[in-house]
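In the numbering used here, the protein residues as written are 1135 to 1502.
The beta carbon of each residue, even a glycine, is placed where N, CA and C say it ideally should be.
Right, one structure below, let's go through it.
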């Protein structure tokens, strides 16, 4: 049994070892040729990127240059890049695989560190994955941004329209200086909300003014009134200042409304007068119809009078009533004294020189 076992010789062992060594050397050459440059760059910069991580990046189809450059930038900027709590290679790979922008996150952290703003990798990565530009947010936090209110993109709304208590319209455009609030950047309102709130505050401040002249004299009152309302609450920005860029006087809205109201009242009054006139005309026609009806009834009644008199004559029913007798007695009592008075005058009284008692006759005789 022992005679059948094959034992390689020294030469064969030497050739096998040489072959294995050659394969290892070739493999090392291939690996170094593909990833050695990045590993050497990271090693010389102290970025702590292992060859294993570079090989894993190749299998995950991640650009090694991106991760190595980010690690080198963090190392040179003095950021923590240790594997426990710092900006490790594994965290960078995870953020890149999640769809984040590794370079923007690293640049934002470096800019925040230079400006004295506390911003770690986890927070910056969360802001980036939330869809916000973390680098722009840090830059805006360091250097405040100016927002036009309203936006100048739409030419039809170059100014805000507000009306004072006296009814005069004012056209106002403002500039809002804001600084990014990193604490509210995730879940906070955007620029559109800031513009809308500032516009609302300006309109409210002008609307509370008694006269448009007060606003023209003190434009700063608009800014103070708007700032006092806490317009930046629950937003991703902190308002630094609100400056009035331009104020123009528009039309007199109050006078126009009064004119429209007067025209409406006039139309209502005319309509009511027309209704009353129509009612009066209708009532007049009704009265005329009643008059005609009464006249017709009168004619009918007058036509019945002769027949009634004839019937009364035939029936012998025409007798003097008590009222007729009373009136006849009174006429008789009045007539009787007058008759006695005429009888008491003598026939020759007033007949001087044999002339007639009639004075008119005497005058006629004298004329003759």
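N-terminal and C-terminal residue of the beta strand (DSSP E) that residue i is part of
{"i": "residue 1311", "result": "1302 to 1314"}
Endpoints, the alpha helix (DSSP H) within which residue i is located
{"i": "residue 1292", "result": "Run containing residue 1292: none; DSSP gives neither H nor E here."}
{"i": "residue 1412", "result": "1387 to 1449"}
{"i": "residue 1231", "result": "1223 to 1231"}
{"i": "residue 1198", "result": "1198 to 1210"}
{"i": "residue 1248", "result": "1236 to 1249"}
{"i": "residue 1347", "result": "1346 to 1351"}
{"i": "residue 1333", "result": "1325 to 1341"}
{"i": "residue 1189", "result": "1185 to 1193"}
{"i": "residue 1271", "result": "1268 to 1276"}
DSSP beta-bridge partners of residue i
{"i": "residue 1282", "result": "1309"}
{"i": "residue 1373", "result": "1312"}
{"i": "residue 1382", "result": "1305"}
{"i": "residue 1297", "result": "1303"}
{"i": "residue 1260", "result": "Paired residues: none, contrary to the question."}
{"i": "residue 1362", "result": "For residue 1362, which the question treats as bridged, DSSP gives no partner whatsoever."}
{"i": "residue 1176", "result": "Its beta-bridge partners do not exist; DSSP assigns none."}
Outcome for residue i when other beta-carbon atoms lying within 10 angstroms are tallied against a minimum of 16
{"i": "residue 1306", "result": "buried"}
{"i": "residue 1371", "result": "buried"}
{"i": "residue 1269", "result": "buried"}
{"i": "residue 1154", "result": "exposed"}
{"i": "residue 1411", "result": "exposed"}
{"i": "residue 1191", "result": "buried"}
{"i": "residue 1198", "result": "buried"}
{"i": "residue 1402", "result": "exposed"}
{"i": "residue 1354", "result": "exposed"}
{"i": "residue 1285", "result": "exposed"}
{"i": "residue 1275", "result": "buried"}
{"i": "residue 1257", "result": "buried"}
{"i": "residue 1339", "result": "buried"}
{"i": "residue 1446", "result": "exposed"}
{"i": "residue 1362", "result": "exposed"}
{"i": "residue 1312", "result": "buried"}
{"i": "residue 1432", "result": "exposed"}
{"i": "residue 1369", "result": "buried"}
{"i": "residue 1280", "result": "exposed"}
{"i": "residue 1236", "result": "buried"}
{"i": "residue 1316", "result": "buried"}
{"i": "residue 1450", "result": "exposed"}
{"i": "residue 1226", "result": "buried"}
Close Cβ partners of residue i (< 6 Å) along its chain, the five nearest in sequence each way excluded
{"i": "residue 1181", "result": "1205, 1206 and 1209"}
{"i": "residue 1179", "result": "1206 and 1209"}
{"i": "residue 1272", "result": "1242, 1245 and 1246"}
{"i": "residue 1170", "result": "none"}
{"i": "residue 1220", "result": "1214"}
{"i": "residue 1329", "result": "1283"}
{"i": "residue 1380", "result": "1307"}
Own chain residues within Cβ distance below 7 Å of residue i, not counting five before or after
{"i": "residue 1332", "result": "1283, 1308, 1310, 1360, 1365 and 1376"}
{"i": "residue 1259", "result": "1229, 1234 and 1239"}
{"i": "residue 1336", "result": "1294, 1296, 1306, 1308, 1356 and 1360"}
{"i": "residue 1392", "result": "none"}
{"i": "residue 1378", "result": "1306, 1308, 1353, 1356 and 1357"}
{"i": "residue 1374", "result": "1278, 1311, 1312 and 1313"}
{"i": "residue 1319", "result": "1261, 1266, 1271 and 1370"}
Close-in-space but distant-in-sequence residues of the same chain around residue i (CB under 8 Å, 5 per side omitted)
{"i": "residue 1233", "result": "1263"}
{"i": "residue 1231", "result": "1194 and 1196"}
{"i": "residue 1223", "result": "1182, 1183, 1184, 1187, 1201, 1205 and 1217"}
{"i": "residue 1383", "result": "1302, 1303, 1304, 1305, 1346 and 1350"}
{"i": "residue 1300", "result": "1344, 1345, 1346 and 1388"}
{"i": "residue 1254", "result": "1243"}
{"i": "residue 1172", "result": "1183, 1188, 1198, 1199 and 1202"}
{"i": "residue 1298", "result": "1304, 1340, 1341, 1343, 1344, 1345, 1346, 1348 and 1349"}
{"i": "residue 1176", "result": "1182, 1183, 1202, 1205 and 1206"}
{"i": "residue 1161", "result": "none"}
Below-8 Å beta-carbon distance, residue i vs any chain C residue
{"i": "residue 1255", "result": "The question asks about chain C, but that chain is absent: this structure has only one protein chain."}
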